[in-house]
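Peer 1: Just add 37 to wherever you are in the sequence shown, counting from 1, and you've got my numbering.
Even for Gly, the Cβ is constructed at its ideal location relative to N, Cα and C.
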Amino acid sequence: MACKIETLKDNNRMSTQELLQTINEKIQEGVTEFEIEACGQHDIGGSSWSKDGKPLTFYIKNPGQRVGAMGTDAATIVVEGSAPADIGWLNAGAKIIVKGDGG
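(1) Please state whether DSSP places T69 in a helix, a strand or coil.
(2) If you draw a straight line from the C-alpha of I97 to the C-alpha of A75, how long is it?
(3) Do W86 and T109 have their beta-carbon atoms positioned less than 7 Å apart in this structure?
(4) Near V68, what residues of its chain come up, given a Cβ to Cβ distance below 6 Å and the 5 sequence neighbours on each side ignored?
(5) Check the DSSP bridge columns for V115 and list the partner residues they point to.
(6) Taking just the CA atoms, how far does K63 sit from F71?
(7) Nearest by alpha-carbon distance to D138: which of V115, L127, G130 is it?
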């Protein structure tokens, strides 16, 4: 089952740092699939990896800059909608799917 993360609660936006830390904590717990309702947070999905090499999958809405940046070949990143121009910046093998406009 996917781990669902909503980054806007009661009009309070989760910082990019807090979101990335939450993702990494969940990966340490064994989670490999994420559904993220972002609010412009940067760098989602790309540089995340599991120590045991398990593939990671991210379904993301409303990403900020550099979604999928530095992605590894064990990552699949699906943007449900549009993405900024620098999606996949320095991609190192991640599969990135954008179901909307890019750039």
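Peer 2: Once the coordinates are examined:
(1) The residue given as residue 69 occupies position 32 in the sequence shown. Looking at T69 - three-state DSSP - the assignment turns out to be coil, as it is neither helix nor strand.
(2) Counting from one through the sequence shown, the residue named residue 97 turns up at place 60. Counting from one through the sequence shown, the residue named residue 75 turns up at place 38. Each residue's Cα considered, the two are about 7 Å apart.
(3) Locating residue 109 in the sequence shown gives position 72, counting from the first residue. Locating residue 86 in the sequence shown gives position 49, counting from the first residue. A contact, by the Cβ cut-off of 7 Å.
(4) Working through the sequence shown from its first residue, we reach residue 68 at position 31. The answer, listed in chain order, is C40.
(5) Numbered from its first residue, the sequence shown carries residue 115 at position 78. BP columns for V115 point to Y96, I134.
(6) For the purposes of this step, residue 71 is taken as residue 34 along the sequence shown, with counting starting at 1. For the purposes of this step, residue 63 is taken as residue 26 along the sequence shown, with counting starting at 1. Looking at the two C-alpha atoms, the distance is approximately 9 Å.
(7) The residue given as residue 138 occupies position 101 in the sequence shown. Ranking V115, L127, G130 by Cα distance to D138 puts V115 first.
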